[in-house]
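Working notes for the structure below.
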Amino acid sequence: MPMVTAMRRSRNVFIRMTNEQDFFKAISRESCEVNGNQYRVFHWNPEFNEDEEPSLVPVWIVLPGLPPNFYHESFLKIFTTPIGKFIRRDNTTKCATRMDGARLCLEMDASKEPISYFWIGMPGSGHKQEIIYETLPAFCTHCKIQGHNARTCKLHNRRDGEKIWIRKNVKDSEEKKTEIQEENNVELDKGKGVMMEVGLAQGDTEKIVLSQDQTRDCGAQDHQQEMGDKEGEPLDKLEGQEMDV
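Encoded structure:
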């Protein structure tokens, strides 16, 4: 049975497999979703940093036109050594039921530029083998996260004075939410506003305070003007009267 352990960051979970076969099956799983929630699998190592995303990722590739006699695992490990670490073949390649090429999973360094082909055979008599990457993610060497590369990084390539959105840690969001909550409590005690909740990224909520002038701008002005003529009148005079709200 795999052992599941919580880590320092609540978004990370450490899973220890009992054998290598289960590990290869888990890290090469193509559908990474649990109850509608997406997740990503990383190979843990002693240099793992919870504040950064590892650049070593499982990637599925296709070798189109590869002859079936090269579908054996020993050949595939030799061919893919310059690309990454061999993890496993898919069932169609293992059973040789797919003749148009081999499909396999490798552990690759996404921070490096991938090669597009390699040569099979002796110089002068070999042939060029194309590589198709199915699931290679972009990786930013500046931000240390997946999703974009250094050329498209807004943080690294931003202009002076330009404001950009930066993902913050959950701990920073919690501290910010606590500070805003304390400010809201002070404002509400003075009777200067009403409290609302606005959704933030990662499921957090940030509370803000709107002044009475702002609430009138949001649609309450007409209602307050209508009620202003009736302020100070006894309740018995207002009973039975129709009011539009």
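Just so we're aligned, residue 1 is where the sequence shown starts under the UniProt record's numbering, counting upward by one. We put the CB at the ideal spot given by N, CA and C, even for glycine. It should be emphasised that the depicted structure is a prediction, and the values quoted were computed from it without experimental measurement.
The C-alpha of Asp109 lies about 12 Å from the C-alpha of Ile115.
When the Cα atoms are used, His148 and Pro137 turn out to be separated by approximately 8 Å. Rounded to the nearest whole angstrom, the CA to CA distance from Lys154 to Lys144 is 13 Å. For Asn91, the secondary structure class from DSSP, reduced to helix, strand or coil, is helix. In the DSSP annotation of this structure, the continuous segment of the alpha helix (DSSP H) that includes Asp22 starts and ends at Glu20 to Ile27. Taking 8 Å as the cut-off, the Cβ atoms of Leu76 and Gly101 do not count as close. Counting along the chain, Ile120 sits inside the beta strand (DSSP E) bounded by residues Tyr117 to Ile120. DSSP places Glu130 inside the beta strand (DSSP E), whose first and last residues are His127 to Glu130.
For a cut-off of 8 Å, the C-beta gap from Trp119 to Lys112 is around 19 Å, too long to register as a contact. Distance from the CA atom of Tyr117 to the CA atom of Thr81, rounded to whole angstroms, is 12 Å.
Closest in C-alpha terms to Phe139, from the list Phe42, Met122, Ser55 and Ile87, comes Ser55. Under the three-state reduction of DSSP output, Phe70 falls in the helix class.
Nearest in C-alpha terms to Asn12, of all of Tyr39, Glu33, Pro2 and Ile27, is Tyr39.
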